[in-house]
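A short worksheet on the structure shown next.
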Amino acid sequence: MSKEAKNYIVHGATGDWEIVVGLEVHAQVTSQAKLFSGASTQFGSEPNSNVSLVDAAFPGMLPVINGECVRQAVRTGLALDAQINKFSRFDRKNYFYADLPQGYQISQFAHPIVGEGEMLVELEDGATKSIGIERLHLEQDAGKSIHDQHPRYTLVDLNRSGVALMEIVSKPDMRSPEEAGAYVRKLRTMLRYIGSCDGNMEQGSMRADVNVSVRRPGEPFGTRCEIKNVNSVRFVMQAIEYEARRQVDILEAGGSIDQETRLFDPNKGETRSMRSKEEAHDYRYFPDPDLLPLEFDDAYIEEARASLPELPDAKKARFVKDWGLPDYNAATLVGEKESADWFETLLDALRKGVDSPVEKLAPKASNWMLSDLYGQLNKAGKSLSDCPITPTQGAELLKLVFDGTISGSASKEVLEEMLQSGRNPADIVEEKGLKQVSDTGALEAMVDKILAANPAQVEQFKAGKTKVVGFFVGQVMKESRGQANPAVVNEILMRKLAE
Amino acid sequence: MSDLNELSIAEARDRLAARDLSARELVQASIAAMEAAKPLNIFVTETPERALEMADAADARLKAGDAKPMTGIPVAVKDLFCTKDVCTTAGSHMLESFTPPYESTVTANLWDNGAVMLGKVNMDEFAMGSSNETSAYGPVKNPWRLGETDTVPGGSSGGSVAAVAGRIAPCATGSDTGGSIRQPAAFTGTVGLKPTYGRCSRYGMVAFASSLDQAGPITRSVRDAAIMLGAMAGHDVKDSTCVDVPVPDYEAALTGDIRGLKIGIPKEYHSADMPREIEDMWQQGMAWLRDAGAQIVDISLPHTKYALPTYYIVAPAEASSNLARYDGVRYGHRAQLKSGDGLTEMYEETRAEGFGEEVKRRILIGTYVLSAGYYDAYYLKAQKIRTLIADDFRRAYKKVDAILTPTAPSAAFGFGAKQDPLAMYMNDVFTVPASLAGLPGISIPAALSAEGLPLGLQILGRAFDEETVLKVAGVMEDAAAFTAKPKTWWS
Numbered sequence: 001m002s003k004e005a006k007n008y009i010v011h012g013a014t015g016d017w018e019i020v021v022g023l024e025v026h027a028q029v030t031s032q033a034k035l036f037s038g039a040s041t042q043f044g045s046e047p048n049s050n051v052s053l054v055d056a057a058f059p060g061m062l063p064v065i066n067g068e069c070v071r072q073a074v075r076t077g078l079a080l081d082a083q084i085n086k087f088s089r090f091d092r093k094n095y096f097y098a099d100l101p102q103g104y105q106i107s108q109f110a111h112p113i114v115g116e117g118e119m120l121v122e123l124e125d126g127a128t129k130s131i132g133i134e135r136l137h138l139e140q141d142a143g144k145s146i147h148d149q150h151p152r153y154t155l156v157d158l159n160r161s162g163v164a165l166m167e168i169v170s171k172p173d174m175r176s177p178e179e180a181g182a183y184v185r186k187l188r189t190m191l192r193y194i195g196s197c198d199g200n201m202e203q204g205s206m207r208a209d210v211n212v213s214v215r216r217p218g219e220p221f222g223t224r225c226e227i228k229n230v231n232s233v234r235f236v237m238q239a240i241e242y243e244a245r246r247q248v249d250i251l252e253a254g255g256s257i258d259q260e261t262r263l264f265d266p267n268k269g270e271t272r273s274m275r276s277k278e279e280a281h282d283y284r285y286f287p288d289p290d291l292l293p294l295e296f297d298d299a300y301i302e303e304a305r306a307s308l309p310e311l312p313d314a315k316k317a318r319f320v321k322d323w324g325l326p327d328y329n330a331a332t333l334v335g336e337k338e339s340a341d342w343f344e345t346l347l348d349a350l351r352k353g354v355d356s357p358v359e360k361l362a363p364k365a366s367n368w369m370l371s372d373l374y375g376q377l378n379k380a381g382k383s384l385s386d387c388p389i390t391p392t393q394g395a396e397l398l399k400l401v402f403d404g405t406i407s408g409s410a411s412k413e414v415l416e417e418m419l420q421s422g423r424n425p426a427d428i429v430e431e432k433g434l435k436q437v438s439d440t441g442a443l444e445a446m447v448d449k450i451l452a453a454n455p456a457q458v459e460q461f462k463a464g465k466t467k468v469v470g471f472f473v474g475q476v477m478k479e480s481r482g483q484a485n486p487a488v489v490n491e492i493l494m495r496k497l498a499e
Numbered sequence: 001m002s003d004l005n006e007l008s009i010a011e012a013r014d015r016l017a018a019r020d021l022s023a024r025e026l027v028q029a030s031i032a033a034m035e036a037a038k039p040l041n042i043f044v045t046e047t048p049e050r051a052l053e054m055a056d057a058a059d060a061r062l063k064a065g066d067a068k069p070m071t072g073i074p075v076a077v078k079d080l081f082c083t084k085d086v087c088t089t090a091g092s093h094m095l096e097s098f099t100p101p102y103e104s105t106v107t108a109n110l111w112d113n114g115a116v117m118l119g120k121v122n123m124d125e126f127a128m129g130s131s132n133e134t135s136a137y138g139p140v141k142n143p144w145r146l147g148e149t150d151t152v153p154g155g156s157s158g159g160s161v162a163a164v165a166g167r168i169a170p171c172a173t174g175s176d177t178g179g180s181i182r183q184p185a186a187f188t189g190t191v192g193l194k195p196t197y198g199r200c201s202r203y204g205m206v207a208f209a210s211s212l213d214q215a216g217p218i219t220r221s222v223r224d225a226a227i228m229l230g231a232m233a234g235h236d237v238k239d240s241t242c243v244d245v246p247v248p249d250y251e252a253a254l255t256g257d258i259r260g261l262k263i264g265i266p267k268e269y270h271s272a273d274m275p276r277e278i279e280d281m282w283q284q285g286m287a288w289l290r291d292a293g294a295q296i297v298d299i300s301l302p303h304t305k306y307a308l309p310t311y312y313i314v315a316p317a318e319a320s321s322n323l324a325r326y327d328g329v330r331y332g333h334r335a336q337l338k339s340g341d342g343l344t345e346m347y348e349e350t351r352a353e354g355f356g357e358e359v360k361r362r363i364l365i366g367t368y369v370l371s372a373g374y375y376d377a378y379y380l381k382a383q384k385i386r387t388l389i390a391d392d393f394r395r396a397y398k399k400v401d402a403i404l405t406p407t408a409p410s411a412a413f414g415f416g417a418k419q420d421p422l423a424m425y426m427n428d429v430f431t432v433p434a435s436l437a438g439l440p441g442i443s444i445p446a447a448l449s450a451e452g453l454p455l456g457l458q459i460l461g462r463a464f465d466e467e468t469v470l471k472v473a474g475v476m477e478d479a480a481a482f483t484a485k486p487k488t489w490w491s
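This is the structure we're talking about:
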């Protein structure tokens with residue numbers, strides 16, 4: 001667990017370079033209504049159908065804070081182990097754009113709702129790293145300008161205008177594309193666990209601004225470039241990789257990095273300049289006089305804390321410590337709250353039906369879920385959310401394996417049928433005649449027959465080549481068409497061979 | 001002009017209740033006066049049909065015996081209160097064709113209380129002005145003249161005060177950011193009350209400076225101001241800065257008894273260049289209050305001299321942001337563009353054409369004081385001084401119950417008399433400090449100038465203590481017995 005993250009190095013012609021990455025993730029707050037108006041936040045609605053007079057900035061319209069968005073921001077801050085600021089305030093960020101009806105975005109500049117925190121991320125090789133959180137603040141989203149639907153005009157859709165976003169700013173703590181990817185994935189997991197954001201990157205509910213700079217190891221930070229609005233984990237990693245290389249090439253050619261805002265082009269896999277520092281807006285931030293500051297007491301914060309579910313890190317630790325799950329299995333299962341919940345329900349049902357210590361059941365159940373169930377779902381192009389069977393049905397299947405009714409290999413066949421028909425495993429076993437033969441009488445007769453037919457191998461066993469037992473087991477299984485209980489067969493064989 | 005036009009809200013209310021007058025008759029008299037007063041350029045939009053409909057509804061209520069405090073009373077509405085399906089211009093070309101699909105809370109409250117809308121009245125553009133000369137629809141003329149010479153009605157609620165002084169309506173809504181109710185009230189011999197910031201909802205009121213804007217009544221008597229404020233005020237969840245405190249019965253506060261009250265006279269409001277007649281009126285005001293049993297106490301509001309510069313940083317800063325929404329994209333004016341013009345040209349030309357000079361000046365000032373590198377020196381410092389100014393008042397109100405000052409440094413002046421913006425801004429010198437502190441203030445007519453124009457005295461009070469302000473004003477109104485009226489030269 002305490003494995004150190006490996007350094008990622010860009011090898012240049014003149015030596016090695018280290019990259020420094022910080023992320024600003026914009027996460028849409030899960031709420032029925034917008035941050036300052038009652039309009040709906042429903043994704044995929046007709047253009048300009050979720051727009052209130054406030055969102056369209058009609059004269060005399062005033063913002064009124066949506067308490068649910070505030071609560072979600074506080075819960076998110078608590079989940080990130082961050083400082084909750086009991087006093088925070090909204091500021092106006094002033095700039096003109098056609099999809100920004102007020103001519104300013106209401107955001108939190110000087111006094112964000114959440115201060116410093118940290119989050120542990122896990123890397124491919126099992127190493128972990130703590131990434132600092134600089135702040136989290138609430139702000140409004142802008143509308144959308146559509147430039148390609150009319151030959152002469154730009155069209156504007158204000159459905160997103162005023163939707164609540166949390167901007168979660170990391171410290172410049174990441175040193176590789178992989179760490180940045182792991183950070184975004186973990187953040188997404190956390191937000192989905194607590195239900196403050198659905199984490200849907202394709203629909204734009206989560207997007208990242210990526211700050212990248214390079215430096216010689218041990219030297220101060222270099223000049224950074226900000227890559228705007230990257231909307232997948234893969235693109236975040238590609239953008240960093242490309243941008244770091246670009247900066248190294250410039251520096252090694254004797255140039256210098258201009259602080260600028262860049263865009264990532266996923267088709268070409270490259271970043272290109274959007275605007276330079278000189279072209280940067282002067283946003284003229286000042287406190288929004290239409291809104292009162294947000295002020296919390298301890299009771300409010302504690303109530304938000306009490307509403308948090310068990311978070312992934314704690315859940316994983318519990319799975320490993322209490323149930324003896326392998327680290328990898330636990331990490332995979334807690335990656336989505338849904339899979340962790342599915343597993344827990346499965347294990348609960350299994351423990352009720354099988355009298356065996358949980359440390360024995362749980363690892364096997366997790367293996368079954370991750371390899372058998374996920375394997376077959378994957379093959380069918382499905383995910384757990386559209387899995388046709390319930391965890392209880394899964395437990396029934398596993399029970400049949402644990403009590404010896406069916407063999408492990410037969411269980412795969414049963415599962416396949418269950419996934420197709422949604423039927424109960426016992427019925428399938430009955431119908432397909434997959435029950436294992438554990439009847440000692442029948443099996444003894446079969447063993448006698450095999451031993452009689454293979455005298456040479458019996459001699460080998462007696463000469464001390466005990467491995468040949470496997471051959472006999474195989475023969476009996478073949479004879480029984482796979483239905484013999486291998487454990488029982490093994491036991492009979494050992495007894496007979498010892499005679 | 002009939003006798004009905006002279007009725008105060010209280011008189012009309014009582015006669016309507018006694019049913020010896022119908023709302024229709026009262027409203028018809030106002031409509032006739034509105035027609036006759038076209039030379040004053042008071043109304044931007046007249047709504048006589050709606051007024052008669054509302055009057056008939058009022059008569060039905062009166063008949064049914066379920067009249068509200070202002071049932072049947074005609075009101076002139078300043079053209080920055082959004083009125084559903086009635087054009088709302090804020091005195092600007094920018095909103096020339098703008099018809100809101102919603103009603104401001106203040107006007108909705110008035111209609112709920114039975115009041116009748118006569119029409120929308122002229123104002124300085126986006127409430128930026130002290131003389132009504134910045135209106136895109138031409139200035140309102142003050143019913144009071146200097147001989148044959150027109151004078152300004154003050155601003156920005158110039159149409160509102162002219163409608164009341166000109167006996168077209170007994171009352172009008174105004175809005176006050178730095179003195180826009182009180183100064184024009186003083187210029188026209190009317191009563192203008194700016195309530196505590198947060199007393200009336202700002203929802204649906206076209207914003208100038210959000211931390212200062214406050215709606216209030218303009219009437220011809222203190223009692224009427226009390227009645228109308230009660231019908232406008234109240235908590236509103238649609239305005240986060242609107243305070244949830246009960247609306248008292250303001251009329252009940254007019255006890256006439258101010259014995260033992262302490263009235264502060266801020267020494268910083270005296271100045272060597274204050275006209276003699278203003279100083280005399282102020283002294284007279286003190287004498288009236290002393291005679292009524294109040295105690296006059298000298299006080300100091302040490303940061304007063306910084307109030308005007310502070311105001312002219314804070315208000316334009318907020319305005320520069322509040323007016324950014326007028327971009328030609330969704331509503332209001334949009335410039336005709338040339339082929340090849342893009343978004344930037346649309347912004348530039350729309351705003352160049354839509355806004356007048358004073359509005360542009362303030363947007364530029366506001367943009368400047370919020371800019372990187374200037375923010376700390378201007379906006380931030382102004383906010384700090386604003387706190388000091390509020391502290392001055394807090395300290396003073398430990399010693400006194402109300403404060404008496406002149407409303408404005410002069411009587412109404414002629415059109416074009418103040419070409420220098422700074423000279424114009426000086427009009428607000430006595431009204432701005434209370435605005436910055438968010439405190440209530442009233443202007444009542446107290447005397448005539450040597451040239452025969454009205455002069456006003458201002459009474460300021462503690463936050464949400466409009467009752468004391470009204471009580472003191474009522475006593476002064478009785479003592480002043482101001483009965484002068486403008487000649488009806490326009491009809």
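Line by line, the protein sequences give chains D and F.
Note that UniProt numbering numbers the first sequence so that position 153 is 153, with each residue one more than the last.
Note that UniProt numbering numbers the second sequence so that position 353 is 353, with each residue one more than the last.
For glycine and all other residues, C-beta sits at the position ideal for the given N, C-alpha and C.
Chain D contact residues for residue i, given Cβ-Cβ distances below 8 angstroms
{"i": "MET205/F", "result": "GLY60"}
Chain-order list of residues whose beta-carbon lies under 6 angstroms from that of residue i (same chain, five-residue window excluded)
{"i": "PHE482/F", "result": "PRO445"}
{"i": "ALA437/F", "result": "ILE389, ALA390, PHE393"}
{"i": "GLY15/D", "result": "none"}
{"i": "ALA73/D", "result": "ILE113, LEU138, MET166"}
{"i": "GLU477/F", "result": "VAL222, ILE444"}
{"i": "ARG495/D", "result": "none"}
Beta-carbon neighbours of residue i, restricted to chain F and to distances below 8 angstroms
{"i": "VAL156/D", "result": "VAL329"}
{"i": "ARG92/D", "result": "SER321"}
Of the listed residues the options, nearest to residue i (C-alpha basis)
{"i": "LEU26/F", "options": "PHE43/F, VAL314/F, GLU53/F, THR45/F", "result": "GLU53/F"}
{"i": "ALA172/F", "options": "THR107/F, HIS235/F, LYS141/F", "result": "THR107/F"}
{"i": "ALA36/F", "options": "ALA450/F, GLY166/F, GLY234/F, HIS235/F", "result": "GLY166/F"}
{"i": "PRO342/D", "options": "LEU294/D, PRO391/D, VAL354/D", "result": "First, the amino acid is wrong: residue 342/D is Trp here, not Pro. When only C-alpha atoms are compared, the closest one is PRO391/D."}
{"i": "ALA452/D", "options": "GLU430/D, GLN475/D, SER411/D, GLN436/D", "result": "GLN475/D"}
{"i": "ASP138/F", "options": "GLY178/F, ILE265/F, ALA231/F, SER92/F", "result": "For clarity, residue 138/F is Gly in the given sequence; the question names Asp instead. Nearest C-alpha to GLY138/F: SER92/F."}
Neighbour list for residue i in chain B, Cβ cutoff strictly below 9 angstroms
{"i": "ASN50/D", "result": "Among the protein chains in the structure shown, which are D and F, there is no chain B."}
Close-in-space but distant-in-sequence residues of the same chain around residue i (CB under 7 angstroms, 5 per side omitted)
{"i": "THR261/D", "result": "GLU226, LYS228, MET274, ARG275"}
{"i": "MET1/D", "result": "For MET1/D, the predicted structure reports a pLDDT of 39, less than 50, and the residue's modelled location is therefore unreliable. The matter cannot be settled from this model."}
Own chain, CB closer than 8 angstroms to residue i, minus 5 neighbours either side, in chain order
{"i": "LEU453/F", "result": "TRP144, LEU146, THR151, PHE187, ALA411, ALA412"}
{"i": "ARG192/D", "result": "ASP198, GLY199, GLU336, LYS337"}
Interface partners of residue i on chain D, CB under 7 angstroms
{"i": "CYS82/F", "result": "PRO59, GLY60"}
{"i": "GLU318/F", "result": "PRO289"}
Chain-ordered neighbours of residue i on chain D, where CB pairs are closer than 9 angstroms
{"i": "THR241/F", "result": "LEU62, PRO289, ASP290, LEU291, LEU292"}
Under 9 angstroms from the C-beta of residue i: neighbouring residues of chain F
{"i": "GLN149/D", "result": "In chain order: nothing, as chain F lies at least about 16 angstroms away."}
{"i": "PRO101/D", "result": "ARG325, ASP327, VAL329, ARG330"}
Paired residues, beta bridge with residue i - DSSP
{"i": "THR261/D", "result": "GLU226/D, ARG275/D"}
{"i": "PHE235/D", "result": "The partner list for PHE235/D (beta bridge, DSSP) is empty, contrary to what the question assumes."}
Can we say the segment 363 to 376 of chain F touches the segment 278 to 296 of chain F, given the rule of at least three CB pairs closer than 8 angstroms? no
With three or more beta-carbon pairs closer than 8 angstroms as the criterion, would you say the segment 194 to 203 of chain F touches the segment 141 to 157 of chain F? no
Evaluate the contact criterion for the segment 84 to 92 of chain D versus the segment 104 to 114 of chain D: three or more CB pairs, one atom per stretch, below 8 angstroms. yes
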